[in-house]
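Residue numbering for the sequence shown follows full-length UniProt numbering, beginning at 1 and increasing consecutively.
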Amino acid sequence: MVALQNLNKTNSQLQTVQNRINTGLAVSSAKDNGGIYAIAQNMRAEVGSLRAVNNSLDLAISTVDVALAAGDAISDLLIEMKEKALAASDVSLDSASRTALNEDFEALRDQISTIVENAEFNGSNLIDGSMSGGISALANAKGTNTINVSDEDLSLSGTILGLSGGTDIATQSDASAAVTAIESALTNLNSALARMGTGSKSLEIHKTFVSKLSDSLEKGIGNLVDADLAKESARLQSLQVKQQLGIQALSIANSAPSTVLGFFR
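What follows is the structure in structure tokens.
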């Protein structure tokens with residue numbers, strides 16, 4: 001009877017060790033260790049929430065990056081437009097040259113509108129004036145904090161550029177006025193890009209923090225529930241030997257009554 005009980009106990013221990021090796025977990029359910037399991041589950045929920053935060057930050061970062069790329073392109077166009085306008089402000093310029101410069105100027109001007117209209121990511125456009133509240137990203141696992149990046153209206157006639165679809169350099173006076181207007185537009189644009197750049201940097205810094213926090217939680221979960229595979233493998237071998245000895249002991253115990261009865265024959 002004792003031999004059978006010992007063997008059953010060994011088999012149970014062996015099954016536990018095999019499960020730990022197969023799953024890699026010392027605590028895989030509440031019955032293994034209710035307190036540790038509950039803590040680990042709460043931490044897993046936190047990690048899941050942080051994944052959602054990371055996704056939100058990724059979307060916001062991409063949206064701002066698209067806006068920044070568009071802003072850089074607009075800046076390059078304005079520089080070219082200023083060059084054309086400055087050339088057209090020369091009083092000695094002949095009519096044919098002025099016309100050619102104006103056509104180039106208008107093509108560059110219209111390209112700004114095209115860029116603004118297409119600076120969209122995931123349905124959000126930070127520079128066309130359609131997002132008065134800017135864009136927000138989740139900042140914590142509870143969803144109670146957000147990081148906001150303000151929109152910047154870079155449309156041609158918006159408050160930042162302050163130009164219009166009719167801005168041209170058809171005359172010397174128009175060209176001179178355009179130079180002044182473009183210089184102001186460039187100054188305002190640089191400020192707007194700086195603000196968006198700061199917002200993008202804030203998002204990236206927070207994303208790095210969230211990723212590190214998530215990694216720390218994952219490591220903490222592992223420390224709580226992961227099995228020590230080297231230790232469990234050694235224990236497995238020990239229990240397998242113990243199991244074989246238990247089987248032999250049970251066999252001997254079962255044969256003992258027959259041996260005793262043999263003495264009375």
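Where a beta carbon is used, it is the ideal one built from N, C-alpha and C, also for glycine.
Item                                                                                                          : Value
Sufficient close CB pairs (3 or more, under 8 angstroms) joining the stretch 60-68 to the stretch 130-139     : yes
Supposed contact pair isoleucine 169 and asparagine 102 - C-beta distance, whole angstroms, cut 8 angstroms   : 5 angstroms
Three-state class that DSSP yields for threonine 114 in the structure shown                                   : helix
At least three beta-carbon pairs within less than 8 angstroms, the stretch 185-195 to the stretch 154-166     : yes
With 16 other Cβ atoms within 10 Å as the buried cut-off, status of alanine 70                                : buried
Identity of the residue in Gly165, Arg98, Lys207 and Val149 nearest leucine 108 by Cα                         : Gly165
Enclosing alpha helix (DSSP H) for asparagine 148 [first to last residue]                                     : Taken as a continuous stretch (DSSP letters only), asparagine 148 belongs to no alpha helix (DSSP H), being part of the beta strand (DSSP E) at 146-149.
Simplified DSSP assignment, three categories, for aspartate 226                                               : strand
As assigned by DSSP and simplified to three states, the class of serine 136                                   : strand
Test item: CB-CB of alanine 185 and leucine 78 under 8 angstroms                                              : yes
Proximal residues to serine 211 (C-beta, below 8 angstroms), its chain only, five neighbours per side dropped : Asn54
Cβ contact (3+ pairs, closer than 8 angstroms) linking the stretch 172-182 and the stretch 77-95              : yes
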